[in-house]
Every structure is written in C-alpha cells, then in structure tokens.
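What follows is a short report on a single structure.
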Amino acid sequence: MKIVLVALNAKYVHSNLAVYDLEAYFKKHNPQVDCELEVCEYTINHNLDLILQALYKQKADVYAFSCYIWNIKEVLTLTHELKKLLPESLIWLGGPEASYGADKYLKENKELEGIMVGEGEATFAKLMKIWVKLGIDGLASENRKKDPYEKINGIVYRKDNGGITENKGTERIDLDDIPFVYKDLSKFENRIIYYETSRGCPFSCSYCLSSIDKAVRFRSFEIVRKELDSFLERKVPQVKFIDRTFNCNKIHAREIWRYISEHDNGVTNFHFEVAADLIEDEDIDIFKNMREGLIQLEIGLQSTNIQTIEAIRRKMDIGSVKDTLLKIRNLGNIHQHLDLIAGLPYEGFESFRKSFNDAMEMKPNQLQLGFLKVLKGSYMGEMTEEYDIKHSDVQPFEVLSTKWIDYDEIMVLKNIEEMVEVYYNSDQFEYTLPYVTSFFKSQFDFYKELGDYYEKKNLFGIGFKRENRYITLIKFMEKKIDDAEKHNGKSKSFKMITHSINKNVSIEFDYDLFIELLTFDYYLRENAKSRPMWLKSKSIYSKDKTTHIESMSDETYNFIMSLGEVYIEIDDETGEKEKSNHHGEYVLAEFNYNKRSRLSHNAAVKFYKK
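Residue numbers (UniProt numbering): 1 to 610.
Pasting the structure below:
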C-alpha cells in the first residue's frame, strides 16, 4: 500500500509542518503497520503539468492533499486530472480550507473520497490503518462488506450510495504526543523551519479561523527545551513559531524567551506572533538583554478605529499598544512587524487613513498592509450580507468592497500597499523617508501620492533595479517641487517647496539635503561598484572592497544623528561605539560592509571630520 501526502506551498522557502506531523504521528503510533508513506512538497508557482506528472509517477493508492486558502484552486485542478489518470486511487483532502464547507467540496468534486476535518494527526493515523488493512481492492465500493469509515471521527466522506456523511468531530490531541519532525534537517535546507508549541487561541477575532478553537493547549516546556536545543546546536537560520498568539500564556512565553536568550548561538532568529497589549515590563526586561536580531515580533494591530475593533471582537488599548511598541523599538535589538487589515467593518477610506498614520507613529520596522480575506467558517463570513461585503469567489477570497469602502478606494490602498513594501519595508530609505514625508500632510498622503505617480507613469509591474527606485523617488519629488513653484508663482528652484509642519512653522525643502540623505541610504545597503546615476560627482572614496567613504554636509550629518538610529560601528577592542569628530562644514561617513545590522542589514558607519 502506498500513500502520498501532498503539500503545495506558497513559496519554495516555505515548508508544510502539517504533512510532516501527520507522517511522524502515524509512524510513532503504528510502527508495526507495513506500508509506504511519502511526503511530496511543491509550490503553487510550479508548473501544474509537471506536478501532475510527478504525482502520477508515484502510482500511489491514496493521495492526501493539505489545503489552504492559497492553494485550494491548484489542489482541485490536480485532483480532477489525477483521478482521470488513476481512477482506482483514492483522493482525500485535509487542512483549514477544506475543513469548512467540506460537504460542498465533496458535492462539487466527484473525484474526492473524503475530507479530514479539524486536527488531522489521529484521524489520519486511523484512516491509514483502514487503508492498509483493506487494501485498494477492499476499499472499492463494490467489494465493501460494510462502511469502513463509519467509526472514524473527524471526517466527511462519500458513502457507497453516493450520499455524503459527516462523522462527529475529532478529539483534541495532546501536543506532547506529536513527535519532533526536525531530527533530519536535510530536507529543510534553505527553507524556513515552522515550529508549534501551542494550539488554539483565546481570542475571538471575527476574520480568523483560529478563534473557533478556544481551548488553548501547550507542548510541555521540557520537550520544547530539548527541541530548541536541537535548533540551536545546528545553528538553524530561522525558526518561525506558528502559535496563533504566542504570549497568550505569559509563563509559557517567558520560559521560552528566557531560554533562547540564555542559550543564544549568535545565529538563529526566532519569529513570534504576539499580542502587544499582553507584553509587560517583565517581558521588556527579558528583551533588553537579547542579541540584536535574536527574535522578531509580528503584531496584529489591524485597525485603530474603536468601532472596528469592537466589531471584529477584539479588545485592545491602542495607547498601551503604542507605548509598548515604542519601548521595544527604543531597545534597538528587535525587529517589529505590524499588521493592518483594510476592508474591516466600519473602516472607511478616511478611517483607514487614520489607522495607517497611527500605525506609522508606532515606528514598526515593517508595516504589512493586508486586505480582509473572507474565510469560510469565520464569523466575518457569516456577516457578508449585513456588512455588504463583496469579495472574490476564488482564492484568496479577498474583499472587493464593503458598506464603508468602495472598490475605487481599495485600488488606491493597493497602490499604497506596494509603495510601503518598496520604500518603507525594504529598509533602503531609512533616513530619506523621515525627511521627505514631513513635507506631506501625513505618511498616508505621501504613499498615496507616490502611488498615484507610479500609476500615472505606468510604473507598476515593472521589475526595477534597486537604483531605479531611488531615481524614481527623485523624479517624484522634483515633480512635487515643480508643481509647488507653479502654484506659488516662484522661479524654478529645487528649494522652494514648503509645507507647514505645524500651525506656526513653515520650512523650505532642501533638495541638496534630500540627495545626500538618499545617497547615505544607498551606500548603507549597497556596496556599489560605481557611483549612483543621480550624483554629479563621479569621484569615489574607498579603502578596499569592503568599505566606502562618502562626504556629506554637516546639516545632513545632524539630521541623521537626530533620528538616533544609525548603526555606528562597534570598536572590536573596547566593545564601545566609535567616537567621531564631526564639527565642520563637511563630514565623512565610512561604510563597513563586513559589519551589518542584523535588523536592517545596513552597513556599520563611522563618521569623521573632513
């Protein structure tokens, strides 16, 4: 008997923990069962014909597909074609996307034998025993003496008469009972390691499926500690915890945070999804002693509209969240990723503008602007009529419009999303953006106008070289300057755009400062072989291939230092930050590309008086 577990991931660097859990759980609890069980992983970007060919060559008796919002379309295409080629083979689905509306999937896709609903480890193990015991011939409907599936919990399946039956739900398993799947890391080389220490979520967010299972369970710390040791000893680059709200149990979270801090190997990065309003001073005390880049935190803000937060069944003190995120930001050693969701109830365009600006004030390292996905089984899915939510009927079932926001506005937000990704989240404009955005009414307005410029110039969808992103920003600002001069009736000058910073102060835009900041940002990231195209001077200062020296005005230096976040090189002998003389008309900045920030990947910098 041959059974194949199939995963279609979103990207090559991803791996599917679920199918490896199913495999490991079955082998642990059924060592005596003689069968061939194999895991096959692909991505949705692979040619489907080639995936079909590979699966066909397996000639498996059973194919079990892991289904998510991002792959269900491709999975159903494959199952339909596979059944034509191997009509005797059984095809099963599992995973969150197939679990909700399982009977509908079975009615619409006649090639499917059944669907595993909910937690799959125990269910899959029982199905495996049935499949192996009866064999493919014994499982054929014409040869069955009785229903082989009637006593297996957690499945929806097709009966011999063509009817569809849903058995009662599966019982929750003990997480300590799931074997560690990463004893052999060879198959996960150059891929993200996903790791789970809890299941369930105590919160009730209406857009999320995790809220359905509120019975939060944890893997015991003694087991977790040994598994963390395995990652640390082998210097795994990144471990991504998939716990839905990692710090919902403060004791559990702190035990793990303390352990990885005390046993840091200098290499491994750990990613956690957390609730910022649950982070307390005790957690901050743990964080402050961590190596730069040891952990990164993903925080689901979603909105700062109180009515929206209540409608999506969340409880959050926005002021407290902001204070916490700024405290962590000021530590300077932890990457923070903040999420916003457009298309939520009561969140119109102007409301989202405020949520966006509020989020930017929290100074995240990255701001993820996402769009509501209307998931089957979620409370939001039940409220589509009341909220007048229109969404795509195909994956990822993304919002098109609601009672509060129309599709024209959604398209504008799509442009802003792209601009934030390119300019803010890339960390390639770290010192330019604070200066440039201060000349717009808000951060939101800057990214909106930049997106409008990209759209007008037909720049979306073009594969830009990094340098061209800088040039495009220059052209955008030159256009703003030109428009301002025409409006004010001034003669053409690069220093005439003005914007009121507050009710009493108005300043001129300094084009030379802008160019120097842009150049500083460029060399922070780029060990360039040639001068960027926007610089008139083609002279270059360098010691060797690992460093670059650039001159700048004292004004530019002062602006950079006023932000307080430049990665100044640490002296190897003293362990202290290098001191620099920087009084005078010009300052030299030396970029060391052998020493980079673990958070932004920017080069270390020393400053000298010229």
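We treat Cβ as the ideally placed atom computed from N, Cα and C, and that holds for glycine.
#### Entry: Reference PHE356, options LEU78, TYR447 and LYS479, closest by Cα
Nearest to PHE356 by C-alpha distance, out of LEU78, TYR447 and LYS479, is TYR447.
### Message
Let me confirm a value: GLU298 is counted as buried when at least 16 other C-beta atoms fall within 10 Å, else exposed. Which label applies?
### Response
Buried: at least 16 other Cβ atoms inside 10 Å.
### Query
Between ILE416 and LEU82, what straight-line distance do the alpha-carbon atoms span, to the nearest angstrom?
Those two C-alpha atoms are separated by around 41 Å.
#### Entry: Spatial neighbours of GLU516 in its chain, beta-carbon cut-off 7 Å, leaving aside the 5 residues before and after
Correct list, in chain order: MET552, SER553 and THR556.
#### Entry: Spatial distance of ALA215 from TYR194 (CA atoms)
Cα to Cα, ALA215 sits roughly 21 Å from TYR194.
### Task
Quick one: residues in its chain with C-beta nearer than 6 Å to the C-beta of ASP28, no 5 flanking neighbours on either side, listed in chain order?
Strictly speaking, residue 28 in this sequence is Lys, with Asp absent from that position. Closer than 6 Å at Cβ, skipping near neighbours: PRO179.
### Task
Could you check the C-alpha separation between LYS403 and ARG254 for me, to the nearest Å?
Straight-line measurement puts the Cα of ARG254 at about 42 Å from the Cα of LYS403.
### Query
If you follow the alpha helix (DSSP H) that TYR447 is part of, which residue opens it and which one closes it?
Where TYR447 is concerned, the enclosing alpha helix (DSSP H) stretches over 443-456.
### Message
Going by beta-carbon coordinates alone, are VAL4 and CYS40 separated by less than 7 Å?
### Response
Taking 7 Å as the Cβ cut-off, VAL4 and CYS40 qualify as a contacting pair.
### Query
Short check: CB of ILE52 to CB of LEU90, under 7 Å?
For the sequence presented, residue 52 should be read as Leu rather than Ile. No, the Cβ-Cβ distance between LEU52 and LEU90 is not below 7 Å.
### Query
For TYR68 versus GLY377, is the C-beta spacing smaller than 7 Å?
Going by C-beta atoms, TYR68 is not nearer than 7 Å to GLY377.
### Task
Go ahead and label PHE231 buried or exposed: buried means 16 or more other beta carbons lie within 10 angstroms of its beta carbon, across all protein chains shown.
Buried is the label assigned to PHE231, since at least 16 other Cβ atoms lie within 10 Å of its Cβ.
### Task
To the nearest angstrom, report how far apart MET419 and LEU473 are at their CA atoms.
Taking the straight line from one Cα to the other gives about 11 Å.
### Query
Ends of the beta strand (DSSP E) at ASP339?
Unbroken beta strand (DSSP E) run through ASP339: 335-342.
### Query
Do you know whose CA, among GLU121, GLN32, ASP358 and LYS129, lies nearest LEU175's CA?
Cα-wise, what sits closest to LEU175 is GLU121.
### Task
Would you mind giving the Cβ-Cβ distance between LYS390 and LEU400, rounded to the nearest angstrom? I have them listed as a contact below 8 Å.
The beta-carbon separation of LYS390 and LEU400, rounded to 5 Å, stays under the 8 Å limit for a contact.
### Query
Where does GLY120 sit, in a helix, a strand or coil, going by DSSP?
For GLY120, the secondary structure class from DSSP, reduced to helix, strand or coil, is coil.
### Query
Is the Cβ-Cβ distance between LYS2 and ALA64 less than 7 Å?
Taking 7 Å as the Cβ cut-off, LYS2 and ALA64 do not qualify as a contacting pair.
### Query
Does the stretch 382-397 come close enough to the stretch 462-471 to have 3 or more Cβ pairs within less than 8 Å?
In short, these stretches do not touch, since the Cβ pair count stays below three.
### Query
Does any heavy atom of the ligand ADP sit closer than 6 Å to the C-beta of GLU298?
What this structure holds is no ligand at all, so the ligand ADP is not there to describe.
#### Entry: Integer Cβ distance of HIS337 from GLN368, believed to fall under 8 Å
In this structure HIS337 is in contact with GLN368, their Cβ atoms being roughly 6 Å apart against a cut-off of 8 Å.
### Task
Only counting runs of 4 or more residues, tell me where the alpha helix (DSSP H) segments fall wholly within the stretch 176-251, in order along the chain.
Listed in chain order, the complete alpha helix (DSSP H) runs (minimum 4 residues) inside the stretch 176-251 are 221-233.
### Message
Taking CB distances under 7 Å as the criterion, tell me whether GLU196 reaches chain C.
### Response
Absent from the structure: chain C. Only one protein chain is present.
### Query
Does DSSP classify THR547 as helix, strand or coil?
Assignment of THR547 by DSSP, reduced to helix, strand and coil, places it in the strand class.
### CA-to-CA distance, ASN265 to GLU233, given in whole angstroms
A direct Cα-to-Cα measurement between GLU233 and ASN265 gives close to 8 Å.
### Task
Taking only the alpha-carbon atoms, compute the straight-line gap between VAL19 and THR245 and give it to the nearest angstrom.
Near 22 Å, if we compare the C-alpha coordinates of THR245 and VAL19.
### Message
I believe ALA603 touches ARG596 by the beta-carbon criterion, under 8 Å. Please report the beta-carbon distance rounded to the nearest angstrom.
### Response
Confirmed, Cβ separation roughly 6 Å.
### Task
Provide the residue span of the alpha helix (DSSP H) that contains LEU85, from first to last.
Looking at the DSSP string, the run of the alpha helix (DSSP H) that includes LEU85 is 72-85.
### Message
Check for me: the alpha helix (DSSP H) holding VAL436 runs from which residue to which?
### Response
Start and end: 432-437.
### VAL181 burial status per 10 Å Cβ neighbour count (16 or more: buried)
By the 10 Å Cβ count, VAL181 comes out buried.
### Message
So, under 8 Å CB-CB, TRP92 and MET116 are touching, yes? Tell me the CB distance rounded to an integer number of Å.
### Response
Between MET116 and TRP92 the Cβ distance is about 7 Å, and since that is below 8 Å, they are a contact.
### Message
With a threshold of 6 Å on Cβ separation, who are the neighbours of ILE284 within its own chain once the five nearest residues in sequence on each side are excluded?
### Response
Excluding residues within five positions, the ones whose Cβ falls inside 6 Å are LYS327.
### Message
So ALA7 and TRP70 are supposed to be a Cβ contact under 8 Å. How far apart are they, rounded?
### Response
Actually they do not touch by this definition, with Cβ atoms about 11 Å apart.
### Task
In the DSSP assignment, find the beta strand (DSSP E) that holds LYS609 and state where it starts and stops.
Where LYS609 is concerned, the enclosing beta strand (DSSP E) starts and stops at 603-609.
### Task
Select from LYS250, GLU273 and ILE260 the residue whose C-alpha is nearest the C-alpha of VAL224.
Distance from the Cα of VAL224 is smallest, within the candidate group LYS250, GLU273 and ILE260, for ILE260.
### Task
Compute the distance between the beta-carbons of TYR593 and THR546, then report whether it is under 7 Å.
Taking 7 Å as the Cβ cut-off, TYR593 and THR546 qualify as a contacting pair.
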